[in-house]
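Asks: Sharing a structure, written as structure tokens. Questions coming.
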């Protein structure tokens, strides 16, 4: 609501901004800033889990608080909480370009500077079907510029694009 009321950008761009605001990383960072983590009762396994698992738990907690506010106090209270805790990150998201996912950012940069489209190739798969890890390389003009791994091809592509972005920005 805030984005559509306060900005005149095309709907597609506003949708990307909204996606950046509500992605796990943004929401978990808001929960972290608000001091949610010490209030959680986590098992030993959850405490020793990966950073991604920690972020997911914090994001779920934040969403639960928003839902509880909505049910208990109504729309205005939930909106005020979001406006106070999540919306202040919007200027940083816009300034850093993090509203574009890494694959889109890389593609836009490479196409505008070099005229090529990045190509993603799975270079290896390891593990059983229920717990597979993929390694993906991203190539520009047949040159490997980044590699990434993840539990899905999509996640590995995003990791590869992130690595490629860092290298591409440094070299250009």
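Numbering (our numbering), first residue to last: 1102 to 1273.
Quick reminder that beta carbons are idealized off the backbone N, C-alpha and C, glycines included.
Would you check whether the ligand ATP has a heavy atom nearer than 7 Å to the C-beta of residue 1258?
Replies: Looking at this structure, you won't find the ligand ATP or any other ligand, since it has none at all.
Asks: Can you list, in chain order, the stretches of the alpha helix (DSSP H) that have 4 or more residues and sit fully within the region 1157–1215?
Replies: Correct list: 1176–1186, 1191–1197, 1203–1214.
Asks: Please list the terminal residues of the continuous beta strand (DSSP E) segment that includes residue 1233.
Replies: First-last for residue 1233: undefined, no H or E at that position.
Asks: So, are the CB atoms of residue 1206 and residue 1198 less than 8 Å apart?
Replies: Yes; because the gap between Cβ atoms is below 8 Å, this pair is in contact.
Asks: Touch check for the region 1124–1134 and the region 1144–1160: three-plus C-beta pairs under 8 Å?
Replies: The answer is yes - the region 1144–1160 touches the region 1124–1134, with three or more Cβ pairs under 8 Å.
Asks: Hey, could you find the ends of the beta strand (DSSP E) residue 1245 is sitting in?
Replies: Start and end: 1244–1251.
Asks: State yes or no: is the C-beta of residue 1236 within less than 8 Å of the C-beta of residue 1257?
Replies: Closer than 8 Å, so yes.
Asks: Could you give the C-beta distance for residue 1261 and residue 1238, rounded to a whole number, given that I count them as a contact under 8 Å?
Replies: With 8 Å as the limit, residue 1261 and residue 1238 qualify as a contact, their Cβ atoms being about 6 Å apart.
Asks: On the criterion of 16 or more Cβ atoms from any shown chain inside 10 Å, does residue 1128 qualify as buried, or is it exposed?
Replies: Flag for residue 1128 reads buried.
Asks: Comparing alpha-carbon positions, which option in 1251, 1166, 1218 lies nearest residue 1187?
Replies: Closest option to residue 1187, Cα to Cα, is 1166.
Asks: Could you pull the DSSP bridge partners for residue 1220 from this structure?
Replies: Residue 1220 is bridged to 1240.
Asks: Does the beta-carbon distance from residue 1172 to residue 1182 come in below 8 Å?
Replies: No, the pair does not count as a contact, with Cβ atoms beyond the cut-off.
Asks: Take residue 1137 and list the residues in its own chain whose beta-carbon comes closer than 8 Å to its own, dropping the five residues that flank it on each side.
Replies: If we look at residue 1137 and ignore the five residues flanking it on each side, its Cβ neighbours are 1159, 1162, 1163, 1166.
Asks: For residue 1242, which of 1156, 1214, 1200 has the nearest alpha-carbon?
Replies: Of the listed residues, the one whose Cα sits closest to residue 1242 is 1214.
Asks: Between which two residues does the alpha helix (DSSP H) holding residue 1104 run?
Replies: Note, residue 1104: alpha helix (DSSP H), 1103–1107.
Asks: Given this structure, state the Cα-to-Cα distance separating residue 1220 from residue 1240, to the nearest angstrom.
Replies: Distance between the alpha carbons of residue 1220 and residue 1240 is about 5 Å.
Asks: So residue 1268 and residue 1249 are supposed to be a Cβ contact under 8 Å. How far apart are they, rounded?
Replies: 12 Å between Cβ atoms; not a contact.
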